[in-house]
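Chains as they are written, first to last, in the numbering used here: chain S, 2 to 134; chain W, 2 to 134.
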């Protein structure tokens with residue numbers, strides 16, 4: 002089986018983030034998409050999403066490593082809900098590295114030119130419900 | 002604050018399921034929506050989704066009670082990702098009731114007539130990733 006085209010898009014996004022190539026990254030987002038930066042904080046629109054990614058990259062001293070694990074894509078009515086295991090590695094501030102696993106949820110929309118664009122990027126998945134407690 | 006219109010839609014869907022009013026229920030789904038019936042089994046299109054809901058209702062002997070808990074809606078590019086705590090109560094087959102809590106994920110799309118329609122209904126949330134192991 003060929004991998005779902007959205008898996009390839011997400012891999013391309015991870016490469017673009019690692020390479021700090023935010024122009025390429027933004028090609029995969031819808032104009033008025035939403036990014037959950039952290040629980041309770043949402044960046045809206047490509048300009049703000051781009052700024053958020055730059056801030057995240059700076060925060061992790063360019064040492065954030067993102068790896069994708071198991072993925073399920075559920076397509077319905079030209080939308081796709083993506084459920085994905087994501088492993089993050091980043092500096093712990095004391096010379097070591099921290100590893101954390103999240104289950105992310107993304108929404109994509111199929112455009113008339115047959116391209117998938119991300120409309121909602123929520124790497125926190127359902128753990129958002131823990132956020133404000 | 003007013004509740005998000007999608008919360009009212011989900012409440013209306015729960016009432017329609019309890020009342021076995023599947024005509025009303027289907028008004029909230031896009032024509033080619035997808036419903037995760039259980040991990041690995043997806044119903045596609047309104048006809049199949051309707052049949053799946055009837056089968057689920059029969060399976061639980063019309064005694065499935067659905068209650069919604071905390072909800073977060075993230076809107077982006079005329080999509081909405083809904084993360085929602087859902088409490089299910091149903092007969093255990095021995096005269097008692099079972100209660101189980103899920104964290105559901107739903108995708109909605111805003112139509113040109115300003116109505117939200119469900120495109121992907123995944124009541125299993127990110128626990129889908131446990132499904133096939």
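In this text, a Cβ means the ideal position worked out from N, Cα and C, and glycines have one as well.
Owing to the predicted nature of the structure, the values given are computational and were not obtained by experimental measurement.
Under the three-state DSSP convention, the category residue i falls into
i	result
residue 96/W	coil
residue 134/S	The predicted model places residue 134/S with a pLDDT of 43, which falls under 50 and marks its position as unreliable; any figure quoted below should be read in that light. Correct three-state label for residue 134/S: coil.
residue 122/W	strand
residue 82/S	strand
residue 65/S	coil
residue 115/S	coil
CB contact flag (residue i, residue j, <8 Å)
i	j	result
residue 61/W	residue 92/W	yes
residue 89/W	residue 84/S	no
residue 46/W	residue 120/S	no
residue 15/W	residue 69/W	yes
residue 7/W	residue 117/W	yes
residue 127/W	residue 126/S	yes
Limits of the alpha helix (DSSP H) - the one that residue i falls within
i	result
residue 47/S	47-60
residue 35/W	Careful: residue 35/W lies outside any alpha helix (DSSP H), inside the beta strand (DSSP E) at 30-39.
residue 12/S	6-19
residue 26/W	23-27
Rounded straight-line distance, which links the Cα of residue j to that of residue i
i	j	result
residue 13/W	residue 18/S	41 Å
residue 49/W	residue 124/S	31 Å
residue 74/W	residue 38/S	15 Å
residue 33/W	residue 64/S	42 Å
residue 112/W	residue 100/W	35 Å
residue 98/S	residue 20/S	20 Å
residue 10/W	residue 28/W	10 Å
residue 82/S	residue 109/S	7 Å
residue 71/W	residue 102/W	12 Å
residue 86/S	residue 94/W	35 Å
residue 66/S	residue 22/W	49 Å
residue 115/S	residue 104/S	27 Å
residue 59/W	residue 25/S	50 Å
residue 134/S	residue 57/W	Unreliable positioning characterises residue 134/S in this predicted model, as indicated by a pLDDT of 43, which lies under 50. The coordinate reading is nonetheless provided below. C-alpha separation (whole angstroms): 33 Å.
residue 51/S	residue 35/S	11 Å
residue 106/S	residue 96/W	38 Å
residue 5/S	residue 80/W	21 Å
residue 31/S	residue 31/W	21 Å
residue 3/W	residue 3/S	45 Å
(request) Compile a chain-ordered list of the residues in the stretch 49-75 of chain W whose CB is closer than 9 Å to at least one CB of chain S. (result) 70, 71, 72, 73, 75
(request) For the stretch 95-118 of chain S, enumerate the residues whose C-beta is nearer than 7 Å to any C-beta of chain W, in chain order. (result) 104, 106, 108, 110
(message) Residues of the stretch 119-130 of chain S in Cβ contact with chain W at a cutoff of 7 Å, in chain order, please.
(response) 120, 121, 123, 126, 127, 129, 130
(message) Taking beta-carbon pairs under 7 Å, can you tell me which members of the stretch 81-92 of chain W lie near chain S?
(response) 82, 84, 86
(message) Output needed in chain order: residues of the stretch 11-43 of chain S with a Cβ under 9 Å from some Cβ in chain W.
(response) 30, 31, 32, 33, 34, 35, 36, 37, 40, 43
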